[in-house]
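In what follows, a single structure is set out as structure tokens and then discussed.
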Amino acid sequence: MGLSCTPDNVTAGCLCVGKTETGTPVRLDLSGAFSYPITVADKDPASGRSYSISLCKSIICGPTVLYTSVCLNNGGAYSGCGKPGLATWTVTSFSPMSYSIFYPKGNDGKGQSLVTVTEDSKATSNSIVMTGITNNLQYEFSIVLGTGSEVAPGIVGLTLISVSLVGFCCYIAIGMAIGYRVKGARGIEMVPQLAFWKDLPFLIKDGILFSFSPCCKRDRQYTKL
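Residue numbers (our numbering): -7 to 217.
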């Protein structure tokens, strides 16, 4: 599904506000996805190539290429691989959101770029990798936008303990208030279910003995009569 974006030469490479061919309104924004320009290594580490990517605003690429979205550094030889002001967007899926951005050849006309973007609810951070080069010098990259929330280790257990403590305190406070006003109890007698709390240590002891007694059986020898 192609997109007809609001033209903007400043942000056309990372922001698309428009409608699909079927009239569905869409706003796709990569301006806050990374701190641009971002350096990306080539798919082949031994190639010596690296890329400086700035999706929103053109950057200077080496001493000769003035404006480009993707700057290729091939061992000190620079070339532009995409012009942001002429980017075209295509939505491939809405659930999960997935789309691609095509950056045509820049001023030096040596390369173009295709960036695919996918939202991932299981990822908690954004990432970008270089995925390959086609025969017509199209440099391809993949961006994953993490939409999941990161849960710190132990936070679930800490939350359960906190909720349990608050609930227990409320139970004691409300129970003592009812005992004082309704039952006329005073002192320790105000504690709700007092008999249960008095028996609790013995119940725990009985439970432990019952649980471990099968493991502590000993062979007994008896004297024959």
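Using N, Cα and C, we set each Cβ at its ideal position, and we do this for glycine too.
- Judged by DSSP in its simplified three-state form, Y131 adopts strand.
- According to the DSSP assignment, T151 belongs to no beta strand (DSSP E) but to the alpha helix (DSSP H) extending over 147 to 173.
- Membership of G72 in the beta strand (DSSP E) is indicated by the continuous run 69 to 72.
- Following the DSSP letters along the chain, one finds S85 inside the beta strand (DSSP E) bounded by residues 80 to 86.
- A direct Cα-to-Cα measurement between S156 and S113 gives close to 30 angstroms.
- DSSP places P17 in the uninterrupted beta strand (DSSP E) bounded by 17 to 21.
- By the criterion of a C-beta distance shorter than 6 angstroms, M122 is surrounded in its chain by V32, D34, K35, F133, once the five residues flanking it on both sides are discounted.
- If you check the CB distance, C73 and G40 do not come in under 8 angstroms.
- DSSP places L186 within a helical segment (H, G or I) once states are collapsed to three.
- Taken atom to atom, the span from the alpha-carbon of I200 to that of S119 is near 52 angstroms.
- If you draw a straight line from the Cα of G77 to the Cα of G15, it comes to about 23 angstroms.
- Comparing C-alpha distances from G67 to each of G54, A79, T139 shows the shortest one belongs to G54.
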